[in-house]
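Residue numbers (my numbering): 3 to 278.
Note that the Cβ used here is the ideal one computed from N, Cα and C, for glycine as well.
First the structure, in the form of structure tokens, and then the observations on it.
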Ligand code: MG
């Protein structure tokens, strides 16, 4: 299943995403596809979504016409640094012997199509195209062989980074944590075969800048999830950003970054200086 979250007539909806003759269409779901922390807090229960194409005031619409939101509302965003061999080399770092974890705050989330605000505090803002895992159930001390049952699906994310501040600070809360520094979406899909390798591409103003395969991961998805959940409980809807391939670089005002993995659509966001 593939789904998205979108805004329509002053309400937030979830929608199943279907391919109709090469174009993606949204069919509204009666409820959130699966238990998701915000949904649970709001409604006090878990639910499974079912298509509701005949819902009041709603006809299927092309994905391209929808006002898309981030497809999940996580309690936390756990990120992995230095997980592609070629990216470690380009930054001049040693190959890590265990995963390097950091957080982005949920206040950094930005919808597909939203504008990333380049903070005045930074002179160098970089893109980092990444595969993100969407957690499907509460999980702690996960065994590697059980990873697939813990993951609801996959989506795309941009681990936007103030590189100058990252190099200056001992830890990365500031460099990674500005508002709008975590675009995510547009879809969540469970239809990808991650173990066969997923090819991620990032374009800036249409020019290919990153092309990497998850087969180049230093730490596999099962290893990452086992490592993370030995530290903290992951909740439904939580995001795990799995690292970026080589090719990262600085952006200038007006640039548009597009990240894609076949089957996950395109995550596109433009960059502009903050104005307030
Ligand atoms: Mg990253």
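Which word fits residue 112, buried or exposed, when buried means at least 16 other C-beta atoms lie within 10 angstroms of its C-beta? buried
Span of the beta strand (DSSP E), counted from its first residue to its last, around residue 106: 102 to 106
Contact set for residue 134: own chain, Cβ-Cβ below 8 Å, skip 5 residues either direction: 156, 157, 158, 159, 186, 241, 242, 243 and 244
For residue 93, which residues does DSSP report across the bridge? BP columns for residue 93 are empty, so no partner.
Comparing alpha-carbon positions, which option in 223, 221 and 199 lies nearest residue 214? 199
Residue 161 Cβ short of 8 Å to ligand 1 heavy atom set: yes
Any non-hydrogen atom of ligand 1 within 8 Å of residue 246 CB: yes
Within 10 Å of its beta-carbon, does residue 210 have 16 or more other beta-carbons around it, so buried, or fewer, so exposed? exposed
Please report the distance separating the alpha-carbon of residue 43 from that of residue 139. The predicted position of residue 43 is uncertain, since its pLDDT is 46 and thus under 50; a value taken from the coordinates is nonetheless stated next. Cα to Cα, residue 43 sits roughly 15 Å from residue 139.
Identify which residue in 224, 5 and 177 has its Cα closest to the Cα of residue 107. 177
Could you tell me how far apart the beta carbons of residue 79 and residue 237 are, in whole angstroms, since I believe they sit closer than 8 Å? In fact, because the Cβ distance is near 12 Å, the residues do not count as touching under 8 Å.
Residues in the same chain with beta-carbon distance under 7 Å from residue 251, minus the five sequence neighbours each way, listed in chain order, please. 128 and 211
At a threshold of 8 Å, does residue 251 count as lining ligand 1 (C-beta to nearest heavy atom)? no
Measure the C-alpha to C-alpha separation of residue 13 and residue 30 and round it to an integer number of angstroms. 12 Å
Could you check whether the region 218 to 230 touches the region 81 to 91, counting it as contact only if at least three pairs of C-beta atoms, one from each stretch, sit closer than 8 Å? yes
Whole-angstrom distance between residue 194 and residue 264, CA atom to CA atom: 9 Å
Under three-state DSSP, which class holds residue 176? The answer is helix: DSSP assigns residue 176 an H, G or I state.
Mind checking residue 168: buried by the 16 CB within 10 Å criterion, or exposed? buried
Buried/exposed call for residue 37, threshold 16 Cβ in 10 Å: Low local confidence applies: a pLDDT of 49 at residue 37 is under 50, so the model's placement there is unreliable, and no value is given.
Of the residues 63, 146, 11 and 119, which one's Cα is nearest the Cα of residue 277? 119
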